[in-house]
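I have placed the structure first, in the form of structure tokens, so that the comments after it can refer back to it.
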Amino acid sequence: MKKKNETLKKMQGKKGKKGSRELKQKILTPAQQAFLEKEEKIDKINEKLNRPIVGITYISAFLVIGLLVYILHFMIVDKDEVIANAANTRLDNYAADVIRGDIVTQDGETVATNRGDKRYYPHDEMFAHVVGYSEYTKAGIELVGNYYLLESHANIIERGINTLREEKNNGDTIVSTLNYELQKTAYDALGSANGAVVVMEPDTGRILSMVSKPDFNPNDIDDVWKEANSENTNSSVLLNRATQGLYPPGSTFKILTTLAFMRQNPGDFEEYHYNCSSEEQIFNSVTIHCFGRKIHGEEDLSAALANSCNQAYADIGTKLDVDKWKHTLEDFLFNKSLPYTDANATSRFYLDGKSDRGYIPQTAFGQGDTLITPLHNAMIVSTIANGGLMMKPYLIDSIENYKGKRIKKFSPSSYDTLLTTEEVDTLTSYMRKVVTNGTATDYFAGATYEAAGKTGTAEYANGNHDYSWFVGFGSIEEPEVAVSIIIEESDVNGVKAAAVARKLFDAYYSLSER
Amino acid sequence: MTSIIINVSKYIILILMALYTLSCFTAFRQDSEKMRDQKLNKQIIYVFLIHFLSYLTFALSNSEEMMGIVIFYGLQIFIATIYMYIYHYIYPYSSRVITNNMNFLLLIGYTMLTRLDFSLAKKQFVIATVSIILVSVIPMIMDKYKNLRNYGIVYGILGILALSSVFVIGVEQYGSVNWIKIFGITIQPSEFVKILFVFFIASMLSKSRDFKQVIITTGFAGVHMGVLVLEKDLGGALIFFVIFICMIYVGTGKVRYLFAFIAGGLAMAGLAFLLFKDRLFDHVMVRVNVWKNPWEDIRGTGYQITQSLFAIGSGGYFGTGLTKGSPEVIPVSESDFIFSAIAEEFGVLFALFLILVCFSCFICFVSIAMKVRNRFYKTMAFGFAICYMFQTFLSIGGVTKFIPSTGVTIPLVSYGGSSVLSSLVMFSIMQGISTIENKEAERIEEEKRNIEENAG
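Same order as they appear, the protein sequences are chains A and B.
Per the numbering used here, the very first residue in the first sequence carries number 1; after that it's consecutive.
Per the numbering used here, the very first residue in the second sequence carries number 1; after that it's consecutive.
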């Protein structure tokens with residue numbers, strides 16, 4: 001570009017000067033002299049007139065170079081993530097030339113492959129939602145990783161030969177972040193209960209296990225699809241409850257209520273105490289009683305969380321500035337879409353400063369209209385475990401060509417720092433107390449690791465049924481695994497989320513010892 | 001077999017495109033006339049080969065319309081060849097670089113349109129061909145009537161009237177009321193007023209460059225932009241503004257005007273924003289938000305731009321090959337979003353070369369502006385150069401999410417009668433200025449040679 005302008009300038013100069021310089025030595029008539037001088041003068045003026053043109057041309061060149069660099073940057077850095085978007089329908093065009101690649105777990109179990117020209121899932125229901133399916137519509141890793149499965153990084157000569165023969169190339173393999181052992185543990189622990197489990201690494205956002213029940217066998221997707229879409233059904237087996245199921249958070253919500261209270265009373269939240277002395281108490285003209293009509297006696301903030309005392313939290317709720325409270329929750333992604341690529345539902349918190357104050361007591365301890373997805377709850381507890389930094393959860397660890405050569409590795413990425421160190425320390429010690437001296441103590445008796453967490457029970461169906469929740473992480477010294485578990489109808493099936501958590505932590509630590 | 005041909009020809013097309021782009025820039029070098037001619041002839045070969053391979057692909061992959069495609073191909077080559085020969089026969093002083101680039105851009109446009117919608121391609125071809133014949137008289141008129149610079153105010157008034165016509169006989173298209181319908185044909189007046197506007201500023205500033213004249217010019221220009229803003233054609237208003245400040249700067253040579261008007265423009269935009277926030281700038285905010293995060297509403301407001309990015313990204317550096325992608329999914333891929341369609345099937349590298357070709361076209365215009373010594377023509381030539389480049393930049397920058405989308409076409413490539421005709425008028429005016437300049441330069445050279453001979 002620079003050269004260009006110099007050339008232009010030269011062209012400019014050449015025309016008049018070159019000839020005239022030679023001519024000057026010769027004898028000229030006055031008229032000729034005048035003509036040449038006039039020409040030279042015009043050229044000089046012209047050069048001056050051109051200065052703004054050169055300036056603006058440089059600016060234009062700068063903009064065009066910016067555009068070119070931007071497009072290249074897009075191609076090199078952003079392209080893969082952009083076109084891997086599930087809304088990109090172009091991917092299906094690639095299917096014509098490529099055999100869809102396999103999906104394997106991080107510990108080497110194949111969870112999706114091809115048998116004949118049909119997609120085959122060797123572990124049937126176990127990975128149903130998280131790995132998903134690819135026919136009719138796509139879901140799970142089959143959806144978010146569609147682009148990679150349909151790209152082939154096989155040997156270039158091999159690909160060339162295949163193209164000439166008009167044969168299909170082998171698509172790349174997705175190595176997921178999932179761990180087969182943990183997935184199996186979670187799947188078995190849920191048993192016949194409905195609900196969801198999310199296990200993730202707090203410091204990376206890697207999802208180690210994700211189970212949703214009721215489930216389906218993706219190998220029978222034809223029947224499942226027909227059943228799920230027939231008119232007289234309200235079957236929701238295809239719904240991934242871990243990411244799309246909206247549940248009342250129950251007492252797990254007390255973690256964030258505690259945080260909001262801490263933020264609104266920075267100096268003296270530790271001095272808070274509540275005397276839970278009767279079965280029932282009225283707050284903002286709403287009657288509140290604790291779970292099982294228990295009486296907890298004199299409590300500070302940590303004891304209130306450890307005991308999961310509804311009355312104490314109803315009391316805290318009445319002391320909160322609702323707009324600030326909502327603000328804290330929205331920082332934690334309530335009413336916002338999660339930084340997660342697969343389909344997910346948005347957690348809801350409805351209250352604000354104008355709401356009827358009668359809703360506040362219940363909302364403070366996780367009943368009311370608040371709704372949350374298990375994945376979101378896992379992210380919140382992971383943020384606490386990770387020193388306040390929220391990581392974006394992800395499912396795809398790396399891409400290999402079909403012969404196992406690594407093509408691409410995905411690295412963890414953070415969302416934002418949401419907590420201060422002091423807040424992390426306080427919440428961690430409170431959640432530890434839940435396990436050592438609170439509602440989860442029985443479930444973690446004799447554990448070799450130091451877990452922290454929060455149990456929850458949310459009533460639904462007019463109080464006839466219970467959801468059982470547990471969110472937590474281990475260990476408090478070195479947080480490396482976080483869980484979020486919800487069990488539906490736990491009053492009927494007897495499965496308790498905290499018990500499932502115990503099994504998962506045990507499995508995780510016995511695996512890491514190996 | 002067909003897929004092998006498509007695959008192979010996609011790489012050959014890319015190589016040809018690279019060669020063409022390279023020759024666009026080396027054509028500025030001061031080689032001997034013979035070498036220059038050779039280079040320009042080679043350019044034509046590259047263009048025709050790219051065009052041939054593309055239509056070969058179309059013919060092979062669409063057996064139903066094969067005959068139609070072959071005939072259409074033949075007609076294009078026929079017109080392009082005839083045009084190039086006749087034009088330089090009539091106008092020996094015109095710039096062959098411009099002719100080549102003009103043909104190149106038109107042919108790439110036809111090719112992509114054939115891919116997207118055969119009937120649109122045919123329509124575009126007819127409009128462009130008729131336009132080419134019509135505009136070919138422009139250099140002649142400009143050469144003959146040297147007093148065009150005397151009608152400054154007339155251009156200004158005509159421009160404002162034409163722009164305002166949409167308030168009387170306007171129809172709404174794509175959310176803006178900037179089209180009019182006459183005899184069943186919808187035209188976009190701003191496309192043509194752009195040209196009048198350049199004439200207007202050039203002639204005003206060639207008369208006088210004192211403060212009063214600048215103020216009068218600014219007043220008229222302000223009315224132009226105001227009308228465009230009222231029509232909600234904010235992309236158009238932006239183009240007029242950029243043309244205006246660049247031409248004022250070049251015409252007066254005073255950098256303080258440039259800064260003053262940029263500051264003034266920003267202030268006006270801010271004021272307008274505050275005054276008409278809800279009524280007028282709703283869709284500006286929508287566009288800015290979509291630009292900031294189109295992923296939030298992929299199926300709604302972000303649909304166009306995300307589809308465009310999918311297309312560009314999915315095609316990759318080398319493209320899917322013609323007919324292998326799905327550019328038709330992008331809304332208005334034939335017009336505003338044609339760049340994405342080209343990038344998907346011809347490949348991003350090809351598309352980058354295309355940007356460079358457009359830029360070389362701009363440099364060519366600039367070099368004419370620099371060579372011509374008459375103030376009127378100089379200012380005007382630079383006005384058109386900026387108009388061309390800025391519009392191309394807005395269009396391509398918009399569809400790649402470099403800048404917020406303004407809904408602007410790429411001159412000569414995108415589908416659209418008004419756009420093609422006005423772009424051809426612009427190119428022809430540049431040919432006119434080039435003709436005038438080259439004639440003048442030759443006259444002076446001759447005079448000098450005479451002096452030399454006599455003196456010797």
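Here a beta-carbon is modelled for each residue, glycine too, at the ideal position from N, C-alpha and C.
| field | Span of the alpha helix (DSSP H) around Trp325 (chain A) | value | Here residue 325 (chain A) refers to the residue found at position 325 of the first sequence. First-last of the alpha helix (DSSP H) with Trp325 (chain A): 322 to 331.
| field | Closer than 7 Å at the beta carbon, the chain B residues around Glu39 (chain A) | value | Along the first sequence, one-based indexing puts residue 39 (chain A) at 39. Residues of chain B passing the Cβ test: Ile444.
| Collapsed DSSP secondary structure at Val237 (chain A) in the structure displayed | As a first step, residue 237 (chain A) is located in the first sequence; it is residue number 237 there, counting from the start. In the structure shown, Val237 (chain A) sits in coil (DSSP, three-state: anything other than H, G, I, E or B).
| field | Alpha-carbon spacing of His289 (chain A) relative to Ala228 (chain A), whole angstroms | value | The residue given as residue 289 (chain A) occupies position 289 in the first sequence. The residue given as residue 228 (chain A) occupies position 228 in the first sequence. Looking at the two C-alpha atoms, the distance is approximately 40 Å.
| query | Checking contacts by CB at 8 Å: is Met389 (chain B) closer than that to chain A? | reply | By one-based count along the second sequence, residue 389 (chain B) stands at place 389. Chain A, which has a Cβ nearer than 8 Å to the Cβ of Met389 (chain B), makes this yes.
| Which residue comes first and which comes last in the alpha helix (DSSP H) that contains Thr457 (chain A)? | What you label residue 457 (chain A) is simply residue 457 of the first sequence in a count that begins at 1. From DSSP, Thr457 (chain A) is part of no alpha helix (DSSP H) but of the beta strand (DSSP E) over 451 to 460.
| query | Using a Cβ-Cβ distance under 8 Å, would Ile161 (chain A) count as near chain B? | reply | Counting from one through the first sequence, the residue named residue 161 (chain A) turns up at place 161. No - not a single Cβ of chain B is within 8 Å of the one on Ile161 (chain A).
| query | Since Ser134 (chain A) and Glu142 (chain A) are thought to touch, with beta carbons under 8 Å apart, how far apart are those beta carbons, to the nearest angstrom? | reply | In the first sequence, the residue the question calls residue 134 (chain A) occupies position 134. In the first sequence, the residue the question calls residue 142 (chain A) occupies position 142. Right, the Cβ-Cβ distance comes to about 4 Å (below 8 Å), so this counts as a contact.
| message | Counting only beta-carbon separations shorter than 8 Å, does Met380 (chain B) have a partner in chain A? | response | As a first step, residue 380 (chain B) must be located in the second sequence, where it is residue number 380. With 8 Å as the cut-off, Met380 (chain B) does not count as an interface residue toward chain A.
| Shorter than 8 Å from the beta carbon of Glu167 (chain A) to some beta carbon of chain B? | The residue given as residue 167 (chain A) occupies position 167 in the first sequence. It does not; no Cβ of chain B falls within 8 Å.
| Residue closest to Phe382 (chain B), alpha-carbon to alpha-carbon, out of B:Ile429, B:Leu412, B:Gly416 | Translated into the one-based positions of the second sequence, residue 382 (chain B) becomes position 382. Here the closest residue by C-alpha is B:Ile429.
| request: Pick out whichever of B:Ser63, B:Asn100, B:Cys387, B:Lys401 has its Cα sitting closest to the Cα of Thr2 (chain B). | output: The residue given as residue 2 (chain B) occupies position 2 in the second sequence. Among B:Ser63, B:Asn100, B:Cys387, B:Lys401, the Cα nearest to that of Thr2 (chain B) is on B:Ser63.
| said: Under 8 Å, CB to CB, which of the residues in the stretch 56 to 67 of chain A have a partner in chain B? | reply: Ile56, Thr57, Ser60, Ala61, Leu63, Val64, Gly66, Leu67
| Does the Cβ of Val126 (chain B) have 16 or more other Cβ atoms within 10 Å, making it buried, or fewer, making it exposed? | In the second sequence, residue 126 (chain B) corresponds to position 126, counting from 1. Classification of Val126 (chain B): exposed, given that the 10 Å Cβ count is below 16.
| request: Could you pull out every residue in the same chain whose Cβ sits closer than 7 Å to the Cβ of Arg375 (chain B), ignoring the five residues on either side in sequence? | output: Against the second sequence, residue 375 (chain B) aligns to sequence position 375. Excluding positions up to five away in sequence, the list reads Ser206.
| Between Phe334 (chain A) and chain B, is there a C-beta pair that is closer than 8 Å? | What you label residue 334 (chain A) is simply residue 334 of the first sequence in a count that begins at 1. For Phe334 (chain A), the answer is no, since every Cβ of chain B falls outside 8 Å of its Cβ.
| Met66 (chain B) to Gly325 (chain B) span [Cα, whole Å] | In the second sequence, the residue the question calls residue 66 (chain B) occupies position 66. In the second sequence, the residue the question calls residue 325 (chain B) occupies position 325. So the alpha carbons of these two residues sit roughly 20 Å apart.
| Contact residues within the stretch 325 to 351 of chain B, judged by C-beta distance below 9 Å to chain A | Gly325, Ser326, Val329, Ala343, Glu344, Val348, Ala351
| query | Since Glu201 (chain A) contacts Val481 (chain A) with CB under 8 Å, what's their CB separation in whole angstroms? | reply | On the first sequence, residue 201 (chain A) is found 201 positions in, with the first residue counted as 1. On the first sequence, residue 481 (chain A) is found 481 positions in, with the first residue counted as 1. Yes, they are in contact, since the Cβ atoms of Glu201 (chain A) and Val481 (chain A) sit about 6 Å apart, within 8 Å.
| message | Using 8 Å as the threshold, is the C-beta distance between Ala452 (chain A) and Phe473 (chain A) below it? | response | Here the question's residue 452 (chain A) lines up with position 452 in the first sequence. Here the question's residue 473 (chain A) lines up with position 473 in the first sequence. Result yes, Cβ atoms of Ala452 (chain A) and Phe473 (chain A) sit closer than 8 Å.
| message | Restricting to Cα atoms, I'd like to know which of B:Leu113, B:Phe318, B:Ser203, B:Val286 is closest to Val152 (chain B). | response | To locate residue 152 (chain B), count along the second sequence from 1; it is residue 152. The question names Val, yet the displayed sequence has Gly at residue 152 (chain B). Closest by alpha carbon: B:Ser203.
| field | Beta-bridge partners of Asn482 (chain A), as assigned by DSSP | value | Taking the first residue of the first sequence as 1, we reach residue 482 (chain A) at position 482. Here the sequence assigns Ala to residue 482 (chain A), which means Asn is not the residue at that position. Ala482 (chain A) is bridged to A:Met200, A:Phe473.
| query | What whole-angstrom Cβ distance do Leu178 (chain A) and Val130 (chain A) have, given they're in contact under 8 Å? | reply | Translated into the one-based positions of the first sequence, residue 178 (chain A) becomes position 178. Translated into the one-based positions of the first sequence, residue 130 (chain A) becomes position 130. Correct: roughly 7 Å between the Cβ atoms.
| query | Are Pro248 (chain A) and Tyr394 (chain A) close, meaning C-beta to C-beta below 8 Å? | reply | Translated into the one-based positions of the first sequence, residue 248 (chain A) becomes position 248. Translated into the one-based positions of the first sequence, residue 394 (chain A) becomes position 394. Cβ distance not < 8 Å, so Pro248 (chain A) and Tyr394 (chain A) don't count as in contact.
| message | Using DSSP's beta-bridge definition, name the partner residues of Lys181 (chain B). | response | Your numbering for residue 181 (chain B) matches position 181 in the second sequence. Partner(s): B:Thr186.
| said: Between Leu49 (chain A) and chain B, is the shortest Cβ-Cβ distance under 8 Å, so that the two count as touching? | reply: Position 49 of the first sequence, counting from 1, holds the residue named residue 49 (chain A). Judged by the 8 Å Cβ criterion, Leu49 (chain A) is in contact with chain B.
| Using DSSP with H/G/I as helix, E/B as strand and the rest coil, what is Asp78 (chain A)? | Along the first sequence, read from residue 1 onward, the residue named residue 78 (chain A) stands at position 78. It is helical.
| Of all the residues that make up the stretch 89 to 116 of chain A, which are near chain B by a beta-carbon distance shorter than 7 Å? | Thr89, Arg90, Asn93
| Can you tell which of A:Ser484, A:Ser512, A:Arg502 has the C-alpha that lies nearest to the C-alpha of Val198 (chain A)? | Residue mapping note: residue 198 (chain A) aligns to position 198 of the first sequence, counting from 1. It is A:Ser484.
| task | Would you decide whether Thr417 (chain A) is buried or exposed? Buried here means 16 or more other CB atoms lie within 10 Å of its CB. | result | As a position in the first sequence, residue 417 (chain A) is number 417, starting the count at 1. Exposed, because fewer than 16 other Cβ atoms sit within 10 Å of the Cβ of Thr417 (chain A).
| field | Where Cys276 (chain A) falls: helix, strand or coil (DSSP) | value | In the first sequence, the residue the question calls residue 276 (chain A) occupies position 276. Strand, per DSSP.
| said: Run through chain B and tell me which residues come within less than 7 Å of Lys79 (chain A), C-beta to C-beta. | reply: To locate residue 79 (chain A), count along the first sequence from 1; it is residue 79. Neighbours of Lys79 (chain A) on chain B, chain order: Gly313.
| Residue range of the beta strand (DSSP E) that Leu389 (chain A) falls in? | For the purposes of this step, residue 389 (chain A) is identified with residue 389 of the first sequence, where counting begins at 1. Unbroken beta strand (DSSP E) run through Leu389 (chain A): 389 to 391.
| Does Phe349 (chain A) have its Cβ less than 8 Å from a Cβ in chain B? | For the purposes of this step, residue 349 (chain A) is identified with residue 349 of the first sequence, where counting begins at 1. So, not an interface residue.
| request: In the DSSP assignment, find the unbroken alpha helix (DSSP H) run with Glu181 (chain A) in it and report its ends. | output: Along the first sequence, one-based indexing puts residue 181 (chain A) at 181. Looking at the DSSP string, the run of the alpha helix (DSSP H) that includes Glu181 (chain A) is 180 to 190.
| What is the residue span of the alpha helix (DSSP H) that Ile44 (chain B) lies within? | Locating residue 44 (chain B) in the second sequence gives position 44, where the first residue counts as 1. Unbroken alpha helix (DSSP H) run through Ile44 (chain B): 33 to 61.
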